[in-house]
Amino acid sequence: ASQYYFNKPASKLTRNEAARLAVLLPGPRSRDARQLTPYLQQRVAWVERQMQQLGAGYLGPILK
Numbered sequence: 055a056s057q058y059y060f061n062k063p064a065s066k067l068t069r070n071e072a073a074r075l076a077v078l079l080p081g082p083r084s085r086d087a088r089q090l091t092p093y094l095q096q097r098v099a100w101v102e103r104q105m106q107q108l109g110a111g112y113l114g115p116i117l118k
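Here's what the structure looks like:
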């Protein structure tokens, strides 16, 4: 998805780009990360706030 929408590997995504991909679920075929509805823009902002508050440390147990 990162290659398709942003032409880069997932490891190079910005926080905003990663949040945009996250809000595409559960319907990635009916949504476009480059053209979000106002509702999905609000969801992107929420996901970004969660990323900021939680930090990267929360991923440790998930990635093991």
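In the numbering used here, each residue carries its 1-based index in the sequence shown increased by 54. The beta carbon of each residue, even a glycine, is placed where N, CA and C say it ideally should be.
Between R85 and K62, the alpha-carbon positions lie close to 19 angstroms from each other. Setting aside the 5 residues that flank it on each side, R74 is surrounded in the same chain by A87 and V98, each with a C-beta closer than 6 angstroms to its C-beta; the list follows chain order.
Between M105 and R69 a beta carbon distance of about 6 angstroms is seen, short of the 8 angstroms cut, so the two are scored as contacting. Following the DSSP letters along the chain, one finds L78 in no alpha helix (DSSP H), marked with neither H nor E.
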